[in-house]
Every structure is written in structure tokens, then in C-alpha cells.
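Notes follow the structure.
6 protein chains.
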Amino acid sequence: MKGIAYYKEGEHVHDFLLIKSVTRGTASNGKPFLTIILQDKTGDIESKLWGSTSEDEKNFVIGAIVLAEGDITTFRGRNQFKIKNIRLKEDQEVINKADLVMAAPLSANALDEKVTQYLFEIKNPVIQRLTRALLKKHHQAFFEYPAAVSIHHNFLSGLAYHVCCMLDMAKEVVRHYPEVNSDLLYAGILLHDMGKLKELSGVTATSYTLAGNLLGHISIMIDEIGESARELGIADREEVLLLQHMILSHHENPEWGSPKPPLFKEAEILHILDDMDAKINIMTRAIRKTRPGEFSERIFAMDNRSLYRPTFDLQEEQEIQDLSQGTEKKQN
Amino acid sequence: MKGIAYYKEGEHVHDFLLIKSVTRGTASNGKPFLTIILQDKTGDIESKLWGSTSEDEKNFVIGAIVLAEGDITTFRGRNQFKIKNIRLKEDQEVINKADLVMAAPLSANALDEKVTQYLFEIKNPVIQRLTRALLKKHHQAFFEYPAAVSIHHNFLSGLAYHVCCMLDMAKEVVRHYPEVNSDLLYAGILLHDMGKLKELSGVTATSYTLAGNLLGHISIMIDEIGESARELGIADREEVLLLQHMILSHHENPEWGSPKPPLFKEAEILHILDDMDAKINIMTRAIRKTRPGEFSERIFAMDNRSLYRPTFDLQEEQEIQDLSQGTEKKQN
Amino acid sequence: MKGIAYYKEGEHVHDFLLIKSVTRGTASNGKPFLTIILQDKTGDIESKLWGSTSEDEKNFVIGAIVLAEGDITTFRGRNQFKIKNIRLKEDQEVINKADLVMAAPLSANALDEKVTQYLFEIKNPVIQRLTRALLKKHHQAFFEYPAAVSIHHNFLSGLAYHVCCMLDMAKEVVRHYPEVNSDLLYAGILLHDMGKLKELSGVTATSYTLAGNLLGHISIMIDEIGESARELGIADREEVLLLQHMILSHHENPEWGSPKPPLFKEAEILHILDDMDAKINIMTRAIRKTRPGEFSERIFAMDNRSLYRPTFDLQEEQEIQDLSQGTEKKQN
Amino acid sequence: MKGIAYYKEGEHVHDFLLIKSVTRGTASNGKPFLTIILQDKTGDIESKLWGSTSEDEKNFVIGAIVLAEGDITTFRGRNQFKIKNIRLKEDQEVINKADLVMAAPLSANALDEKVTQYLFEIKNPVIQRLTRALLKKHHQAFFEYPAAVSIHHNFLSGLAYHVCCMLDMAKEVVRHYPEVNSDLLYAGILLHDMGKLKELSGVTATSYTLAGNLLGHISIMIDEIGESARELGIADREEVLLLQHMILSHHENPEWGSPKPPLFKEAEILHILDDMDAKINIMTRAIRKTRPGEFSERIFAMDNRSLYRPTFDLQEEQEIQDLSQGTEKKQN
Amino acid sequence: MKGIAYYKEGEHVHDFLLIKSVTRGTASNGKPFLTIILQDKTGDIESKLWGSTSEDEKNFVIGAIVLAEGDITTFRGRNQFKIKNIRLKEDQEVINKADLVMAAPLSANALDEKVTQYLFEIKNPVIQRLTRALLKKHHQAFFEYPAAVSIHHNFLSGLAYHVCCMLDMAKEVVRHYPEVNSDLLYAGILLHDMGKLKELSGVTATSYTLAGNLLGHISIMIDEIGESARELGIADREEVLLLQHMILSHHENPEWGSPKPPLFKEAEILHILDDMDAKINIMTRAIRKTRPGEFSERIFAMDNRSLYRPTFDLQEEQEIQDLSQGTEKKQN
Amino acid sequence: MKGIAYYKEGEHVHDFLLIKSVTRGTASNGKPFLTIILQDKTGDIESKLWGSTSEDEKNFVIGAIVLAEGDITTFRGRNQFKIKNIRLKEDQEVINKADLVMAAPLSANALDEKVTQYLFEIKNPVIQRLTRALLKKHHQAFFEYPAAVSIHHNFLSGLAYHVCCMLDMAKEVVRHYPEVNSDLLYAGILLHDMGKLKELSGVTATSYTLAGNLLGHISIMIDEIGESARELGIADREEVLLLQHMILSHHENPEWGSPKPPLFKEAEILHILDDMDAKINIMTRAIRKTRPGEFSERIFAMDNRSLYRPTFDLQEEQEIQDLSQGTEKKQN
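Protein chains in written order, with the UniProt record's numbering: chain A, 1 to 332; chain B, 1 to 332; chain C, 1 to 332; chain D, 1 to 332; chain E, 1 to 332; chain F, 1 to 332.
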């Protein structure tokens, strides 16, 4: 299987795919149609099912696995999948579900081990206990959730993977700049996006909860830290206040959601590492889909820039796919 | 006693005053001096004590009551008090301390009654219980605190007075626009600035606490509401989320400290009433100190505008003082 | 009749409606079609008349009343009316034209009485005469015009209704804050949007006049006040200048059309009340069309926010319609 | 006489000068002092009169001519005049008052002739009559006023000189771009700043009037054009509306005071020529005071930039003075 | 031939036209179509070729000349060309290619003469040699290139025509303001957009080069001036630095591409003249296509404004066409 | 020697110090004084020499070493040095000049070795040769210059030290994100601030050159890279363009001096690492001067924030000094 992200215009597709989202519309001729986003582990693609029946609407729902056949066309520079045939996977057809879900290059277990290791390195007992308690409370979701609905690390375990990349970079920062307090920095990284577990509705077909819409993950987390600190009897410790401030300020800027800017150095560094890891993830994904010597499609989260891929960058498409499927694992 | 706010350049002062703040400096001739802000219930004034001794530094501290004599001069359009003699009040000298402290036109008891009355009008039991619990928890401070360090309602009981003015206006809004939910609006008003009880250090010589600097009154209050709701066993009710959102959004705008804009109509109206009451308070105080036909000094909290006082506005200085000391009480 | 604003997707419509606007287009198959906006007193809806004939173009013009039959579909979250049959109302068919026009909850007469009453309360003779003269000059249009083309109070007598709501709130402001000059405030409210009578083309099918485009209602009104003051021989009075300033500054901000910010307190309060009444009107209309527990469609005039309707808000659709048709009248 | 603008640090001054402004202050030793701005036709300079007596305050008022002696010092890069002796000019001392007032390089008569000539070139009778009427109404002030309080062309006849420079450039624009309507452009230039005659208090010791503060010269002029057009019976002509719009929009941008941007090409060109002439005037004056190879003092009206004077620019100080006093006259 | 820019909705076209651009798309019925922009010397128009064949894709490429027949329709206020028949021009069909290309009103030769003349007027030998060398290096392209991809002067020789209009206006500026250094100003004008010869891909079907995308014409030109100055052995002269600064700053503002604002007066004037000539060109073209008494389509480069064409402006369509084809030549 | 940065208010100083800058002023009593900034390797302090003689002005010039005695006072929260005695160091007095100059924690030699090592790791021959050539051309200055006049790394070898810290972090980035091109990233880091060698006047008493003021280090470097590439015969290689773009875009944002934002991933990462290293340097220096439990003075380069130093941060002043003098060296 080639992977839905790697087909080019004019190529023929005949693959098992997972339905990521479905919307019903009415065409200008008055007939209903379905806009279906189909995905496998390499990415997703939009398709239209014209003249859909009520049977179709009942079958093709979020999470269903289908066998789809058709051709790749393009519209405004994006691939579309022109479906000729589509049907539900039948029970006797055996597929590996992991092939249909985008996931972090590291498994939930590997990420869990890494997190545990950094937790051990936190020496300050208040920071240690608080961080440990919160990780325990949200253990399962923490290692499953994506880091965002659609922007960066939007894949299985994306949140924990994002946290682990940041922890590794933080370790280097601490090594180079010995006056940085590693306890605060590691704990801040571990907790900074934990509010997303309540802001987002779940692991698949992710949307915003009412709390997500009305409060946002930052305010949710301020409240969570306060609650845990009270449960542990450490609510009056300065460390708790500092961690709450790190969460509050980690978007740096009022317009990006932080009512206070970072007011001590570890809070500022948390913001920089968060921003750097998110941007490198976004840029790398965009460049993988771009041919050397060309500009990528516009990237909303990077101020709508198109990024250039140098002509002397990796040349072989095959390499790119290998990389996205395996190489990242070798980094450790 | 004329009131320190009403002296004009060239007039002679000989009054008991309260020290609001003291800063030590070194003059260009190398000698120390004290910058002392002196206040009575009508306002405050800056003075310099040149060539101050270590004795002076020990005596003239925040909160001390002094007998000061000297002349009024002006500097950049603001009055200054050129001290000729200053000494501590002696024990046998009897003064009424209420004459030295700016206070709301209504007493703490009167404000308490008004608040209790509005609390009764809240019908929704979740909103009622939560608001009542929080008012009870902070009862004394709530009726003593100023509403801000230096901007609006910065006087004794300023916070509760600001809340009561808003409640009265809210009652009219509800009467004119029957689709507005009065339970949410009244509760939002009662709670919106309660976080200031932890953001500010106290009733006099008010400054920001560490929690105030690192979290701010909005985030503090999100956490407080969450805590009370859990104690009352109503943490999963939508009403709690809505009240948290009202607090979160009541500054309207990220740059003014609200990470989310108001997302339901009562939240928006809370913001408008808060803004209106603060601005009318600020403008009224500035105009009281301005002569008809002239522009006021620049008002920082009103985008640095100078406001004009029409020539046909109240003419008699005496009236103005009467008004500021008594008339507001008649409004009820 | 149910009211065009209250149909849901899939429902069938067979009603008399008024044509609010018509635009001709050419479909991708090269055939002409008409985009017709149809209205009744509850709101309006877009429809397409595919393959329109020149006969259709002659019949279906702005202001025509038609009998239309078809189904409700949705496109991007907005209702559309898929017309199956449409024809002009025939002469013998009797309908109540008031059912097809959105109007203020109070009649023009009731609004006129209210305005007269407030006019009586203005004590300052210069302000009184000037305001009275301008109201007299524009009497009929003032009580018929909408307050805006499409944003707030865009219905028959919308302008006068908006003014009357503001006057009622102003009365409360004056009662609570006795230093506010009610003469200036009432007159400012009465005149603030009068320039719209020359900025907008008329009561129905409202568009901008050339003077509206090139000068705007604020500058038009500066000139009108000057003219009336000269006619009354009071052009050199400070009151005239103050009223001109109130008009000039009532949008608060250069980007919103006011070259000067409010420079005395009544001008500032005029702005706040104008803003509050417009926003409550906009929010209330959006929420009426939203189900409890859901977010409204995006509201352009509220920074493109979607507003939430709490689940414990009014539950019955019937109630909502009752309210929009009748209840507001009871407010007095 | 060298001219007060051309002295350097350390040089000795002994000249008759005119008092441009006086402010009273109190020094840190408690003694009064006067800050006096002294001027002659080449510019002005700040001086301090320490330990001033009440006699001094009575003598040294705005408009008085004094004989002052002292040295030039510098403070933060600006020259100051350290007065040693100062006294009022005595009656028998004869000086030429024109030497003490900054004035345009062209006389009021020469400017009047130029304006008359351009008025003749306006062919459209509505535009001609309206412009002629307004020039007649304000004839004397128009040829005497400065163009601004302190920014550009702040000298005698500065307004008319600014208008004439713009008219000459406009003539070239019309010659190069024949589709530009010269009637509108010339009339727009003649009227664009006429509102300043009511915005500013007068020719010397210029400050803002109440109308200037509350309405500004743009709104004042909208009203004036409307009044004149009604007097001439041409109030309903499109030309009047267009001229009002040109005045309204000539600052281009809401933040700079124009509620509407220019909406036809002559309005846009009016803005560009106004801006260009003001900037060249500001820059030329700043550069005259700067030595080749150095940067000027910061120029507030040019976004606080310091401008560089190239080393190969005019080298001789004498030349510069000649230029400022005479050469500009040769331009015609 | 009427000129493609002057057809109205409903009119029939049967003309030879040049293909300016072609994009392939897939219609909602799954069939391919071509979006072809066709031009002649009066302007361009969009057309759709539905159900295009691979033969069509091979024939209808950028630069091809075709004979097209069909009708004018409108979409969102813009004309579209509904093609009925289209074929390549046959060899025996003789047309004048100049009729199909938009060009400056002056020929390349006439522009070259004008440039040479201004070059002679530059007295400073460093500025003269540097400007002459750069003009020589890029001679042919300089007189052929458009000034922009789509904004202003986007026609054959548009760059040189823009430069010549600016030079003529500059001559007037120097005449009116004798302290302006004409050597710097003329050289700055001649060089200011020369970097576009490397930023843009060529004379027809113009797009951005990689250097254009990554560096932009301003930075490209800094490097070019440095290179030429080193070749001429004058790299250490202040004049070189000043010319580099003029290029660097001629967009005035960081957001518009200039990292430094103009820091001497000739740099500022260069910016103003550049801006003025571009805007007059843009406005004139928009107004030519607008009927008197109407507003033009929105102009992106003028902050999206619609400009008004006064009712008393040129009335005859014929005149407008004459003007655009011939009259501009008469300006010299 | 304690180090001038570590004295507290009231302490007595008697040390050899280096004059960093001198400005002459005139006191309000008319007498001249000198404002002298004195430094040693720990920092600098402002002092006033009242009633200075012409002898003083001749002796106390930038770069002179003096023996100064006096007391530490404070003004607006900053230390000042109240000089009682000051004289030039005499020839026979032996001091270690390194004690008077702030320097990077690594020697120029150590930095050179590190740079050489990274240069070896660049594999792409075009990038290698270009970077090597530019480093060779500026070898000495590159290892001596500060990184900025007053913001970050403003000490001896500050530029090279800043580059080396960034290179070490870049190595980690490349290790964690294998798709990042290390050749581009290392070369971009090595060259990004090299233009400062021409923007700044020198190693001590650093100010801006004319090229610095008119072009800035970014544009200077674009030209330098172009020149070197032409000398090496590689001017047409894409790598050169990419490196020029990295320099051009490394401030990210037009307002911060980059006319283009980063348009490929290594350019973006260069910006992030530059920003992170500068900020950590700035924050660390500010926190070293702040006591645990207090806020630092406002930091202009961090949006004027005051940073908090947690109470549980390093407690011993001695430790801090040790750290600033030695520990950083241990990091490698």
C-alpha cells in the first residue's frame, strides 16, 4: 500500500481507508451529496460522494472502514479523491487497523518510560509530587491524545510525543545554561498542555468540548493544578503558583491566549521550546509533501507562508516515505 | 477642614493628614530626601521632605498620621505640597480617622444589605448556592477592599460599592431587555472582581501580591469558583462553567486580560456594565477637580484624554464638595 | 403562518412573502438565474430561481409580494429556500402587509410620544430648541427609518426604537449618577443617528446615498446642527458645539468613524449606551435563532463570535416566537 | 545679527528677541523661575530665568521684545540660552519687528496674487463660486495665519504659502496626468486647511480654540462649506459634496483624523501633495540646522527619525542662511 | 476592433486575442476544463473552456494567439467571456501583434532618450558613473519590463515609463524646493526598481523568480549596487551607501518591505514620488472602466477602496478609449 | 575586588575602573559636570562628577583607567556611584586589564576551535567554501566583537560566544529532528550576525557606523555574501541564495528588520535559536542581579517585563559571582 498522502494527480486508488469525517450537502441540482474525508496512517484526502442515498448516509459514518476505488484529481492545488466505488469493509476482510491511523513515531509505552525517567529527575519534592499526581490522574488519556485538533502533532499519542521532544531539548538547554532550573522546566513541559485532555473531546474525530470553548485548556489547567495541590496539602507553596503561572503564560502573548507573559526564565524557555517543537513538526510535515525546488502549500499556522524545499534536499520519494514511517524511531 | 483635594496653588495648609506612601531618594546635592504622599478623605497630594534625617525615615512611614504645614505649589499642572513643618500626631490630639480615609458613599453595612437583597433574587439554585458560598468565604474583605490600586473606586469599600452600582444598572437592563438572564448577570457581577481580594495585598497601602503578579485576579477566581463548586458537589453543572467563563471574559479583550471574549449575552453585558461604571467613576472624579470652561488633567485610564467641563456645569466649588461628601448617598 | 425565520431544514413552505432584493447571475451551464431574498416580519431567507426567464426578471422585483412554495435546505449552516413554484400575489388575494415587514415592537406613534416626553425633560433652552427644531424638520422619516442597513435594528422604526431604548437606559444612568447632565445626554441620544436619514436611501431596500458614501452620517449631522443653530440664531452658543462634538465622537474611535474621542462625560456615556443597546439587540436576535445548548451562527458585528445559548435558557420554540411578536411590547 | 538659530554651543549672544512663550516653575530649592522661549525670524531657543521676581513675571510676557545677553549651552542635544542679563526694549531703541518674526518667503500680497490666478483657472462655475466665496469670507486671516501650531509652516502666512506650494505642484501633476480634474484639485487645495482659521486662536502665540479641540479643522470646514453653499443656493450640487469629501478625507486615514479615506482620484492627490509639501518643509528646516556628515535632532512629525545630511551637501553656513532668507523667493 | 476591456455584458465578441495564462481544473461533474485569460492591448478577460480535450491543452498555451467567438457575461461584477468557438490563429491570417499587448504610451526608444537626458543632468561623478554603469548592464530589459506583476504599470515598458513619469515630477520638485539634491533624487529614481529585472521572470507571463521570492527586488539591488561600485573602484564612497539606502528605504515602512525608513530628504521624496505615480496610474485605469456617477470595482492596491467617478467627469466612452490609446502621448 | 555589579546601596567603593563612556552636561546652577560610566568585568555603573574642570574633561576620556573612591547610592532603583575622589591610574600601578573588561566565559581561542570544528562538519562544498571564506576575511574581528551595543552579549567576544552557544543547541536540534539540514543551519548561524562587524564601530565604546545606520547588519551581509560568492565563482548556486535569505529573514518579522520571513525550515530554526540564546543571556544576567523572592528591574529587550526570581533559587550571592566568573566555562 502506497499511502494516501503519496498519490499524485491522475493515479488510481483501490485501498482500505478510515472515514475521518462526513458532511452532508445539497448540490446545485438539488441532490444530496456527502463530503467524506478518508485517512490512512500517512495522511488524509477529501472526496465527494455525489447523489448519495440514505443508505450511504447510514453506512459511511465517522470511524467506518471502507474499500474505496477511484482517481486522484486536484482542486486549488490540493489532491481530491474522485470515488468510483465505495463500500464498507466486510467482516471477513482482515486489515491492520494501525495502518489506518496516524500515530506518533514512538509507542505509548516508550513515551511513558521516557516521561517516568524525566519525572525521576525532578528533585524539588513539591514539584515532583504535584506533577506525579496530575500525570497519574490523567494517565491513559495523556498517552493517547493528539496535541491539537488540526495544527501540530494531530495524531495518536501526539500530545505525549510533543512533550517528550520538548523534554529532550530542555535537557540540552539545562546542560548549556546551568542557571536554568530543570525541575520547573521539566514539570512545566509535562503539564503545559494537559488541559487539552478536557478541552478536546477525545482521541478520534476530535472537537472542542463546552469547557474547551468557554475556558480553554490554559484556564482548565490552572483550576486542575489548584485542585491537586489542595488534595496534596501543598496549595500554599510558591512552587504551585509558579507552575500555574508557567501554564498561564506559555502562549507568551495575550492574543495567543496567555493573559500574562512569562515572568521568570523557565516560563519563557517553556514557551520557546513549545513553539520550536510545534513549528518544526508543522514544517517537516509540509516539506515531506513538497517536491525539491518547489514551494509547499500555504501553512496557516505559520502566518500562511509557503515554504521552499531546496533542490539539493532529499531527492527520492521513497526515502521520504521510509522516513515518515520508520526513521524517526531511530532518533533515540 | 477644607480637604486636601480642594486647595489651590499659593494656599496655606495646616492639617492632620495620613501618610499613603513614602519613597527615599538622593538629591543632586547628594542629600537624602523623602517623597511622601499625604491623604485625607478628599484625595491625596505629593510632597518632598528635603534633607530628611534618619529620625524622619523612622517616623514618617506608611499609615502614620502627621500634622503638616506648608504651601501649595504646582508642578506640570499637578498640585504639590511644599512642607514647612511636619510632625507626628501626638497621642492627646484627637482626630476622626474616617476624615483621613477615602471611602465609598455607602457604608459597608448598607452595601451588605443591598448585596443580600440581590442574592435573594437569584432563582437558579446552583448559581445561588455557589455565589452565596463565595460571598460567605470572603465576607469581610469583600466589603472593605478598594476596587483597584489606583484606577477606579480606589477607596474603602470601593469594590463592594462598584458591585452595587453595577447591580442597580443591571436591574434596569433586565427590566428593558426581558430575554437577559438575571441570575447569571447578578451572579457574574457579584463575583467578577472577587479575585482582587487575593490579587491585592490589603485595604490600605495596597500593592500586588505574588499571586496577583503571576496569575492576576481573573485566573485566581477561576480556581476559586472551581474549588467552591467541588466543595458544594456541583462541579459538573453547566452553570459553574458559565460563571467561570463570565469571570474569564469580563475584560472583553486579550490585551486587557481576557483570554476569551464574552461568548454569551450575559457575559457581554457584564463587561459593558463593568466598563461603564468604572468610566463614570473615573470621569466624575476628574471633573470634580476641574473648573467649568477648562479641561481636566490627562486621565491615563481613559486613553490619556483631558475631559472638558462645560461652562454651564455646576458652578460652585462648595456644591462640588457637598456632592462628593453627601449627595451620592441620596441616590437610594 | 409560522414565519420564515422559524422553518427548519426539510420543512415545506407555502407562504406569501415580500421580495427584499434580487440579483441576476449566470450559472456554469450558461443559463441565467435569480438570487431572491424573501422576507416576512420574522426575518428573511435566500432562494435561487434557476433558469429564470425575462418574464421572471420583469415580475420579481424589489418590493413585489409573491406566493412561493418549496423546501428548506441548508448551505454552510444557513437555511436556503429551494423554490418549486413562485408567482405574484393576485389582486384578489388579501394579505396584511404588516405581516411581511419587520418592525419595531412599539408603533411609530408610541415612539413619538416617548420622544416628546423626553424632549420636555430637557431644561436648557438652547439644547431644547435645537433638538426640537431638528426633530420637527425630520419628523416623519425619524419615526420610520431603520437604524442600519443590515447590522442592528434594521427594521421599520428601528432608528426611533433604538433611540427610545437608549433614552430609558439614560434615565437610569442619570438617576444613579447625579452629576451627569441629562439635558446633554438626552439631546445627544435623540440626535446621534439622525444623519442616517440622509445617509440611507429610504425605509425599504435601503442602500447608501452618495452623501452617505462620501461623508457618512456623522459629518452630515455636524452640518445639519450648524444649519439649524444658525437658523435659530444660537450658532455661537457652547451648547451647539457640545452637541456637534457628541455626534462627532459617538463612535468613540477613529477606526469606527469618530475623528475625536468623547471629550466630556455625557459624550462618553452616549457612546456606551449606543454600543450597549446595539449589541443587546444583535445578540438577542442571534440567540432567538439558536437552540439551547448550541452556538449561534457567527455574528459579524460582534467580532465574528458565535454565541452560546445555555441549556437552561428558554426551551420552547413557541415561546420564542411569542416573544418576538408580542412580549417586547409588554416591557412598558 | 547672526540669527538665534545659528549660534553654536559656547557662543555669546547679545540681541533683541521676541518672547514666544513663558511658563512659571518652582526649582528644587523652592525658588520660582521662568522658562522663556525667545525668537527671531530665524528660529527660537529655550532659556531659564532662575530666581525670577514678580517684577520679571509682569514684564516678560508673550509678545514682549527684550534685549538679552548670555551664552549658548546645550542640553540633550538642543541649544539652550543661559541668560545673564535681560531687560525690556526701551522706547527709544528702534528695531525692525520683521526681524523677530518667522515669515513665509513670499509676502501676503504675492501669495494673494498667486491664489487669485489659480482661482481664475477654475472653470466649473459651482466650484469657482464656492471657493471664491469662502476665500472672500476669510480673506485677511487666510493670508496671515500659520499652517500649524508647531509642526510645519508654523510662521506668518505659513498657511497661504503651504497652499501656494501645493498649487504649483498640482499644476505639474495636471500637466503630466491629463485625466486629473484641475478644478477639483485646485479648489480642494485652496480650502483644505481653511478650517484652521477657526481651529487655531490666532497668528501669534497660537493655541487651539474650544471648537478646535472639540471638532477639529476638518469638521469645522464641512460645516463652513455647507453654510456657504446654502447661501449661494448651490447646496444640492454634487460638486459641493465632492469638495466636502476632499476636506474630510485629506488626512487619508482615521488615525490621522479623516473618517473617510479619499474616494476619488483628486481627493487622493490632494492628500499626497499636502503630505509631500509638509514633509519637505519639515525636512528642509531640520537639515538647515544640521552639519554635513551628521544626523539631525529627532523629528517628531517624521516618526521621530533623525535625518542624515550628506557630507557633500552644501558646506557653507553662510549659504544656508542666505538661502533661508532670500533664495526661496527666486523660485518664481 | 473594439478592445476586450470595453465590451459590456451581453455583447458578442469575435476577435483575435493572446493567451495570457491557462489553468486546468476539474468540474464538479468530473470533466476537465481550462480557465484561460485572454488579452489584447486594452486589457484582459477570464474565460472557461468547459469539457476541454487533451488537444485543447496542447494548443491553448501561454503566448498563443487565438480567434475566439462568444458572449460577455458577468460574475460578481466582473466581465467573463463565455466562449462558443475558439481556435488557433492560422499562419495565413495576418494580425498586428502590437494590438494584443498592453504597452506604455511612450515607445522604448522615446523612454531611452528621456532617461539619457536625465542621466546627463547628474553632476556628481560618483553618482553619474554608478547609475550609468547599472543602466548599461541592464539596458535592454530595463526598457522592456513591466513595473509589476499585476498592480501598477503592468504592461510592456511599464518600468521605464514609471521611471520617466517620476523623473518629470522630480524635476518640478527640484525646481520648487532648491535644497533638494537632484543628483541623488534622479539616480535614486532610475535605480529604485531595477532589482525587478531579477525579481520577475520576464516580460510576458511574468512570475517571481526564486531570488525574487527569497530576497525581493530591494535586497537584490543592494547587492547589485555593491557589485558595480566595486567594479568601478568607488565602493568606499558615501554616495554609494546613500544610493543603497535610497533603494532599501523606498517602500518607507517595514511592513511594505523596507527594513529602514528613509533617512535623508531625497530618500523620502523618492518614496513619495514612487507612491504618487503608482497610485495615479492605478486610479486612472480603474476610473477609465467606470461610468460617471458610479463607483469603480474594489482596488486591492488602494486598501480595497471603490473610487467614485463624478457625474461631470468625461462623458463619452469613445473619448475614454481614445485617451487610453493616444492622448497620453501628447503629454510631452 | 568585589566587582562593581555586586555593591549594594550605602557600601563604599575604592577600586580601579575603566571609563566606558563620558558625557558633558550643564547643571541647573550653570556649572559643568561629567556623567561617567565606569566598568569592570562584572558590569558597569553610572556616576556624576559635579563641577568638573577642563582638566577633568581632558583626563577622563573613554578607555582611561581610573582609581575611584566613593559611595553607592540608588536612583529609580538603579545603583549610582557617588564619587568622592577620582584620579587616573599612575604608570607604576599595576593592574590586570582583563579585570576591567567584560568578556565571554570562553576565550577567543577556545571559541575559534569550536567554530573550526563545526565548519568541518559542513559537507556541502558550496556552503563550506563560502562560510570558510567569510570567516577568514573577518577572522580577528569575529572573535573579538560584542554581539550588540547594549542588549545581549555586549561583552568581549560576545558575538563569537553567542554563535557557539547557538551551534551547540543546533547540534541537538539536528540530532532530534533528522530532516533538518545541518549544513545550512550551521552556516546560517556562523554568518547571521557577521554584518555587525561593519555595523558597529569596534570592540570598545561601540557605536553605529554610517553603514550601520543607513543599511543595518542584515543588508550589509547580503552584499558581503554576494561579493564572496562572486570571488569564489559560485554566485549562481542556489546555496548562496539560501544563505542570503537566512541572513535576510533571521529577525523573522518586518518590524524587527527582516523584509522577508523565513521561507524554509532551517531559516526558521536559525531565527528561533538566535532568539532563544539572546533571551536566555538577557534573562540570566538580569536574574543574577536580583535577590530571590524579588522582581528584577524592567528589561527593555523583553517587552519591558520585570522577571521574578523564585525564593528557592540559588541563595548565596557568593555562588552567583562564582558562577558568572567561572562556572560557565565548565559547561563544555
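Even glycine gets a Cβ: it sits at the ideal position worked out from N, Cα and C.
| Asked | Found |
| --- | --- |
| For C/Y177, the three-state DSSP class (helix, strand or coil) | coil |
| Proximal residues to C/L232 (C-beta, below 7 Å), its chain only, five neighbours per side dropped | R129, L130, A133 |
| Any non-hydrogen atom of the ligand NAP within 6 Å of B/P261 CB | The ligand NAP is absent from the structure shown, which contains no ligands of any kind. |
| Rounded straight-line distance, which links the Cα of A/I225 to that of A/G120 | For the record, residue 120 of chain A in the displayed sequence is Phe; it is not Gly. Between A/F120 and A/I225, the C-alpha separation is close to 20 Å. |
| Beta-carbon proximity check, residue 337 of chain E vs E/A104, cutoff 7 Å | One cannot answer for residue 337 of chain E here, as it falls past the ends of chain E, which runs 1 to 332. |
| Own chain residues within Cβ distance below 8 Å of A/R305, not counting five before or after | R298, I299 |
| Beta-carbon proximity list for E/R78, same chain, < 8 Å, skipping 5 on both sides | E46, E297 |
| For F/R237 and A/L323, the rounded distance between their alpha carbons | In this prediction, A/L323 scores a pLDDT of 44, lower than 50, which makes its location untrustworthy; the coordinate-derived value is nonetheless stated afterwards. A/L323 and F/R237: Cα-Cα distance of roughly 28 Å. |
| Cβ neighbour criterion (16 or more within 10 Å) applied to C/A147 | buried |
| Cut-off 6 Å between Cβ atoms - residues of its own chain near F/L167, not counting five sequence neighbours on either side | Y118, I189 |
| B/K136 (DSSP reduced to helix, strand or coil) | helix |
| Where C/I127 meets chain D, residues with beta-carbon distance less than 7 Å | Within 7 Å Cβ-Cβ: nothing; C/I127 doesn't reach chain D, min ~15 Å. |
| Rounded straight-line distance, which links the Cα of C/H192 to that of residue 334 of chain C | The structure shown does not extend to residue 334 of chain C, since chain C is modelled only from 1 through 332, so no value can be given for it. |
| 7 Å Cβ cutoff, A/T73 in contact with chain E | yes |
| Integer-rounded CB distance, given that C/V126 should sit under 8 Å from C/I269 | So it is not a contact: roughly 20 Å between Cβ atoms. |
| Closer than 9 Å at the beta carbon, the chain B residues around D/T26 | T73, T74, F75, Q80, K82 |
| Simplified DSSP state of B/T53, which is helix, strand or coil | coil |
| 7 Å Cβ cutoff met for E/F16 and E/K82 | no |
| Per-residue DSSP class, three states only, for F/D193 | coil |
| Partner residues on chain F for residue 385 of chain E, Cβ-Cβ distance less than 8 Å | Absent from the structure is residue 385 of chain E, since the part of chain E shown begins at 1 and ends at 332. |
| DSSP three-state assignment for D/N96, whether helix, strand or coil | coil |
| Reference F/N96; option with closest CA among F/I86, F/K48, F/D40 | F/D40 |
| Bridge partners - D/A103, DSSP secondary structure assignment | D/L156 |
| Minimum Cβ-Cβ distance from D/E255 to chain C less than 7 Å | yes |
| Cβ neighbour criterion (16 or more within 10 Å) applied to C/P310 | buried |
| 7 Å Cβ cutoff met for A/M194 and A/L273 | no |
| Presumed contact (8 Å Cβ cut-off) between C/I218 and C/G257, rounded CB distance | 6 Å |
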